[in-house]
Structure formats: C-alpha cells, structure tokens
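Worksheet: the structure to be examined is printed underneath.
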Amino acid sequence: MRLAQFIETQMESILVKWEAFARTILPAAPMDSLALRDHAADILLATARDIESVHTEAERLDKSLGYRNGSAENNRLNQASESHAINRLGSGFNLMQLVSEYRALRVSVLTLWRASLPQADVNDVDDVNLFHDSIDQSLAKAVSSYTDRVEESRDMFLAILSHDLRNPLNSIGMSAQLIPGARNDNLERTELAGQVSAGVAVMTRMISDLLDYTRTRLGAGMPVDRAPMDLGKLCREVVAEFQSGNPDVTITLASTGDLTGEWDRARLRQVISNLLGNAIQHGNRSAPNALMLKGEDHQVVFTIHNHGTPIPPGELAKVFDPLARGAGSQKPKINRPGSIGLGLYIARELVHAHGGTIGVTSSAEAGTVFTFHIPRHCPVIPKSRPGASLSPN
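Okay, so the sequence shown: first residue is 127 according to this note's numbering, each after it adds one.
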C-alpha cells in the first residue's frame, strides 16, 4: 500500500497515536478527545492529497523547494496548520510543545506504515520524501502562525495595559496635586487620600494579574499553598463583598454537601472573584447571578450562572484566552475596573493548579454557566513532557 493511501485508510490509528502523545503534554490534561485531535485529520488528509498530486520529477523538485505554494492541496494544508497552531496557543501550548506534536505525528505515520508490512513499490522513497516535505511545510506554517499571533497578542496586551493603567494613574496624580492646596478640612483631605488609595489598589490588582500571567507564560505555573479550609465560608465572604459594591445586582448562593478540603484560600478567592465579577459585568443586571456549590465524595463542584448576551458558539473555546477582548470581533470587551482582561485566564490556571477542571456553556435560553471541579486533596499531576521521546508510544 502506498504511503498516501495508508494515511487515508488508517486515519483513525494515526489519530489515536497523535492523541496519546498530545495527552502527555501538561496543557492537554483537561482537554477532551475532540480538542486534542483538533485539526490533525485535516493536516493528514491534506498531506496525503498533496503527495498524490505530485507525479513528475519537475513537480517533486518544485515541492521540495516550496514552489507549489498556491495549489489547492497546499492551501488546504496551510489552512489546517494555521488553525491548529492558533488553537494550541489558546490552549496554553508553548512553541516547543507544538513542534513536538509534529515530531510525534511524523514518527507515528512512518512507524505504523512500516508495521503494516506494505508491499515494496518503486515510488516508496519518493513518497517518504514528499511526506517529509509536506510535514515540514505544515510545521513551518504552524510555527509562523503561532509566532505571528504571539506578536500580535503582545502588542495588543501592551496597548491594553497602557490604556487601563492610565485612568488610575491620572486619578492618583490629580489627587496628589490637590492635597497640598486643600483647606484645613480633614474631610476633604480624607476624600483625596481615599482616591489615591483606591487608585493604588486598582493598579496593584492589575500588576498582580500581570505577574501571574507572566509566570504562567514562562512555564512556572501558579503557586498554591494548600491548607484546610471551608469553601462555603469563603464564597459567603466574596458574595457579601460583591453585593456591597453592587447593591443594584442580585446575587444568590446555594450549597449542599461537605465543602471542606485542602486548598489555597487566597487563590480560590481570586478564582471566585474573577468569575463572579465577570458574571456581573456581562450579565443582565435585572436577573440574579446564582452561585451553587455541591460537595461530592472526592471533589467540590462550583457553578456560577448569569443571564445576558450569550457567548457565540465559535467563541466559547476562546473565553479563557488571556488576550480575548470579547464575545465577538464586532463587540470589543470593556474590562471592569482593576482588570486588564486576564481574569478568566487566571481563573483557569488557578483551577488547573489545584488539579481541577473548568468549562463554560452559554445559550440565550439557559444563560451562561461557568463550572469548575476541584478535588478535595492534592492530586498527582503528571509532569509536562514536551519532547521527552521521539516516539508517541
């Protein structure tokens, strides 16, 4: 069986190998099978058709030199590679982990093909060379798309940070200028000092989010300091704080079961605050925001439900993207005070640091529901292996 035909007929076997290797990469731990396979089938199918489209020596030479760009097969391969790279970036894969997937894919295809004991064909060597050329093309496109998106995100992030820091900084500056000229009125001086303190608090939260973001993007992960605590008590405290600051909003809290466990109290407060703040910001202020806690045997399940404009289906997978600016390209996101658009990303990373999972559903009928599950005690989390082996076995 020729290599291209093998790829087309044994697609499932190859995808099983791809998925098994992808699951060894730490960001993939909470991902389902569909997300892990992503555009792998499209890449493989485009590769097979690309190999089959080359018939002459001149075409082989053009393929090896990259001159066939623009053909239908090459365009399909480039599109699938670009989409795969951008999705992996959004899922937290770094560039080395993305490249390691291609190495695993290359080895998987050739190993399985050889194990099938194909009948020797005079074109086998050419087929293998064309396969390598196509995979190299796909890899080059994926790396290019990944790095381009990172650069775009970096530029956008700096613009967001500069813009969002300007308001509290201006408030601090104006208040500081007015304090010396204030009348000998303790109330006026106290109000001005309060504005300075509020501005500092806003900037401190922004910088804290930025440091957390930087730590995760450098691969260090979110540090957690576990200690026995009651999640129900923490939620009541957070709800009271938000209710005090948003008297026009209704927030309900319901809980069942045992809500105790070993978690990082400060970090879980951050998760709950980010999710509740997001719900209030994007929800219908006339409809209640409902928090529900359910203690199960080995975990606690937290859900927060709000009614508002639903998140479009195509954007659901991107809501935890650290630089996503809104539910759609036609509706830019406006951050709440003290936020630089990293709240959901940080919530996801903190839940993962506790060994948990987080997800979201959204529709006009049911509203938007964020759900996270966290084990009561510290789970054993496998170490990331971005390129530990040449084989995906």
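Note that beta-carbon positions come from the ideal geometry of N, C-alpha and C, so glycine has one too. Since the model is a prediction, treat every value here as computed from it, not as a measurement.
Following the continuous beta strand (DSSP E) through residue i, name the residue where it begins and the one where it ends.
i    : result
I151 : Segment: none, I151 is in no beta strand (DSSP E) and carries neither H nor E.
S489 : T483 to S489
How far does the alpha helix (DSSP H) with residue i in it extend, from its first residue to its last?
i    : result
L235 : Here the sequence assigns Val to residue 235, which means Leu is not the residue at that position. It spans L221 to A241 - the alpha helix (DSSP H) in which V235 sits, taken as one unbroken run.
K420 : Run containing K420: none in the alpha helix (DSSP H); it sits in the beta strand (DSSP E), N415 to G421.
E178 : A166 to E178
T386 : Note, T386: premise wrong, no alpha helix (DSSP H); beta strand (DSSP E) at T386 to W389.
S207 : A198 to G216
R411 : Neither: R411 is in no alpha helix (DSSP H) and is coded neither H nor E.
A492 : Unbroken run through A492: none, as it is neither H nor E.
R474 : G469 to A479
R163 : S159 to R163
L442 : Neither: L442 is in no alpha helix (DSSP H) and is coded neither H nor E.
G133 : The amino acid at residue 133 is misidentified as Gly; the sequence shows Ile. It spans L129 to T135 - the alpha helix (DSSP H) in which I133 sits, taken as one unbroken run.
For a quick check, are the C-beta atoms of residue i and residue j less than 8 Å apart?
i    : j    : result
G482 : F496 : no
K143 : S234 : yes
M348 : L476 : yes
Q136 : L238 : yes
C361 : I305 : no
G388 : R474 : It is worth fixing the name first, because residue 388 is Glu in this sequence and not Gly. The answer is no: Cβ separation not under 8 Å.
D176 : N213 : no
G493 : H431 : yes
L203 : Y272 : no
E145 : R128 : no
G216 : K359 : no
I333 : N372 : no
A525 : V350 : Within the shown structure, residues of the chain are numbered from 127 to 519, placing residue 525 beyond reach of any answer.
A174 : E227 : no
N391 : A366 : The sequence given here has Arg at residue 391, not Asn. Going by C-beta atoms, R391 is not nearer than 8 Å to A366.
Q396 : I500 : no
H433 : N410 : yes
I437 : Y339 : no
L385 : D356 : yes
D252 : A130 : no
F368 : L402 : yes
S209 : S197 : no
R578 : I261 : No statement about residue 578 is possible, as the shown extent of the chain runs from 127 to 519 and does not include it.
Throw me the rounded Cβ distance for the residue i and residue j pair, which I believe falls under 8 Å.
i    : j    : result
I169 : S264 : 6 Å
A161 : A206 : About 15 Å; that fails the 8 Å criterion.
T378 : A327 : Not quite, the Cβ-Cβ distance comes to about 27 Å (not below 8 Å), so this is no contact.
T382 : G421 : 7 Å
L224 : A268 : 6 Å
S488 : L442 : 6 Å
G320 : S297 : The Cβ separation is near 11 Å, so there is no contact.
S301 : L313 : With a Cβ gap of about 14 Å, S301 and L313 do not count as contacting.
F219 : I151 : 7 Å
F147 : A230 : 4 Å
Who pairs with residue i in a beta bridge, going by DSSP?
i    : result
V426 : G421 and I500
N78  : No information on residue 78 is available, as it lies outside the stretch 127 to 519 that the chain covers here.
Q) Of all the alpha helix (DSSP H) runs that stay within the bounds of the region 326 to 382, which reach a length of 4 or more residues? A) Runs found: 357 to 371.
Q: Enumerate, from N- to C-terminal direction, the unbroken beta strand (DSSP E) stretches of 3 or more residues contained entirely within the region 275 to 306.
A: Counting only runs of 3+ residues, no beta strand (DSSP E) is found wholly inside the region 275 to 306.
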